[in-house]
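Enquirer:
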C-alpha cells in the first residue's frame, strides 16, 4: 500500500513535460545570447582600471612632451608620502588600448582628486574639477575638513582611437594640503556612471542619511529623557546622538562653512570632543557610578581642547597643538573602560552588548 502522502500526489495531473522543457530551453537560450552579446560588447570596450602612470612636476598649461622627465608612478598617489612638502602643479600620463572605436559615450571616474584637476584625452581637455590656482568655496588650508567628492569626466567617442590612447591628468595641489590622485576607471559611460553613483552614495549621500538619522534618533532620545527626567543617562545619550551628526556634517557634508576659519573647524572639533566626554558620562550614569574627579576632568577637557584647537587652526605649529587630537582616543578609551568594567560586574547581555558596541 502506498503512503497517504504519495496517494494524494497521484490526483494532480502530470505536467506537459515537452512544453515545459521547450520553455526552459528557450529561456536558457535567450539568456545565453544576452550574456554573449553583453560579454562581446564588454570585450570590445571593457571597463578599465588604470593604476600605472608616469609623473612629472611641471607648471606647463598643456600636456608636457615625451622628452619631459617622466617617472613611473603608481596610483593611488599621495603627495604627502611620495613628495612630502611639494605643492603646485604636476602631470600624470596614462596609456591604454581599445579594441575598437567606441560607438557610445565613454567616461572616467576618479574616487579621489584633490585639490583641483583637469583631464586630457589624446591631447584634448575633457573637463576640470575646479579652477586652477583658486581654492574651492569654503576651503581653508589650515584644516582638512573640506570634503572632496568623487570626480566624473565624460569623453566623446571621436576623441578615442582603436589601439593606443593617452590620458593626461593635470593636478594642482594647494600649499599645505595633501595632494591625492586615485586610480582611474575608464569605460562606457553608463557602466562607469553606475560606479560613480555608488561611490557618491558612500562618500556623500550615505553620510547625509547618517546625519538625518542621527538627528532623528537624538530628538527621540530627548523626548524619552523628558518622560524620565530623573534618569540623566538618557539626556547624556541624547546629546551625544546629536553631536555625532554635527561632526559628520561639518567634516564630510557641508562644503561651504557658515562660519569662517578658524571658528568653524573649532566648533566641528568640539562636537567630537563633546561626544566622547558625554559618552563617558552616559557610561557612568548607566552603571550608577559617581566619580567627581574624573567628571570634573572630563568637563574641563572640552573648553581646554577648544582653546588648543583654536591655536592650531590659527597657525600655531607647536608640538602640543599638532598632536592634541590624540586625546580623542583617551576619552574613547575611558568610555570603553567604564562600560567594560560594568559588563564585568553585571555579566548581563545588555551590559556586554554596550561594552562591545563601544569597543
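Numbering (the numbering used here), first residue to last: -12 to 346. Think of the CB as a built atom: it goes at the ideal place given N, C-alpha and C, for glycine as much as any other residue. Quantities reported herein were computed from a predicted structural model and do not represent experimental measurements.
(1) Among the residues of its own chain, which have a CB less than 8 Å from the CB of residue 29, if the five just before and after it don't count?
(2) Could you give the uninterrupted runs of the beta strand (DSSP E) lying entirely in the segment 66 to 139, keeping only those of 3 residues or more?
(3) Quick one: residues in its chain with C-beta nearer than 6 Å to the C-beta of residue 64, no 5 flanking neighbours on either side, listed in chain order?
(4) Looking only at its own chain, which residues have a Cβ that is under 6 Å from the Cβ of residue 229, when we skip the five neighbours before and after it?
(5) Taking C-alpha atoms, which residue in 214, 238, 342 lies nearest to residue 194?
(6) Since residue 278 and residue 322 are thought to touch, with beta carbons under 8 Å apart, how far apart are those beta carbons, to the nearest angstrom?
(7) On the DSSP bridge assignment, give the partners of residue 159 in chain order.
(8) Name the two residues that bound the continuous beta strand (DSSP E) containing residue 174.
(9) Indicate whether residue 315 and residue 262 have their beta-carbon atoms separated by less than 7 Å.
(10) Looking at the structure shown, is residue 266 part of a helix, part of a strand, or coil, going by DSSP?
(11) State whether the segment 247 to 255 contacts the segment 305 to 320, with contact taken as three or more CB pairs (one from each stretch) at a distance under 8 Å.
(12) By a C-beta neighbour count over all protein chains shown, 10 Å radius and 16 as the cutoff for buried, is residue 318 buried or exposed?
(13) How many angstroms separate the CA atom of residue 214 from the CA atom of residue 320?
(14) Of the choices 327, 334, 191, whose alpha-carbon is the least far from that of residue 136?
(15) Using only alpha-carbon positions, find the residue among 94, 116, 92, 91 that is nearest to residue 103.
(16) DSSP on residue 141, reduced to helix/strand/coil?
(17) Would you mind working out which of 62, 114, 189, 162 sits nearest residue 140, comparing C-alpha positions?
Expert: In short:
(1) The residue given as residue 29 occupies position 42 in the chain shown. Low confidence applies here, because residue 29 scores a pLDDT of 39, under 50, leaving its location unreliable and the question unanswered by this model.
(2) 75 to 85, 93 to 97, 103 to 108, 111 to 115
(3) As a first step, residue 64 must be located in the chain shown, where it is residue number 77. Hits under 6 Å: 168.
(4) Position 242 of the chain shown holds residue 229. Counting only Cβ-Cβ distances below 6 Å, and skipping sequence neighbours, we find 205.
(5) For the purposes of this step, residue 194 is taken as the residue at position 207 of the chain shown. Residue 194 has its Cα closest to that of 238, out of 214, 238, 342.
(6) Within the chain shown, numbered from 1, the residue matching residue 278 stands at position 291. Within the chain shown, numbered from 1, the residue matching residue 322 stands at position 335. Residue 278 to residue 322, Cβ: 13 Å. No contact.
(7) Taking the chain shown and counting its residues from 1, the one referred to as residue 159 is at position 172. Residue 159 pairs with 76, 103.
(8) What you label residue 174 is simply residue 187 of the chain shown in a count that begins at 1. Per DSSP, residue 174 belongs to the beta strand (DSSP E) from 171 to 175.
(9) If you number the chain shown from 1, residue 315 lands on position 328. If you number the chain shown from 1, residue 262 lands on position 275. Going by C-beta atoms, residue 315 is not nearer than 7 Å to residue 262.
(10) Your numbering for residue 266 matches position 279 in the chain shown. Residue 266 falls in the helix class under three-state DSSP.
(11) no
(12) The residue you call residue 318 lines up with position 331 of the chain shown. Buried.
(13) As a position in the chain shown, residue 214 is number 227, starting the count at 1. As a position in the chain shown, residue 320 is number 333, starting the count at 1. Going from the Cα of residue 214 to the Cα of residue 320 covers about 31 Å.
(14) Taking the first residue of the chain shown as 1, we reach residue 136 at position 149. Checking every option, the nearest Cα to that of residue 136 belongs to 191.
(15) Here residue 103 refers to the residue found at position 116 when the chain shown is read from its first residue. That would be 116, whose Cα lies nearest to the Cα of residue 103.
(16) In the chain shown, counting from the first residue as 1, residue 141 sits at position 154. Strand at residue 141.
(17) Taking the first residue of the chain shown as position 1, residue 140 is located at position 153. Taking only the C-alpha atoms, the option nearest residue 140 is 114.
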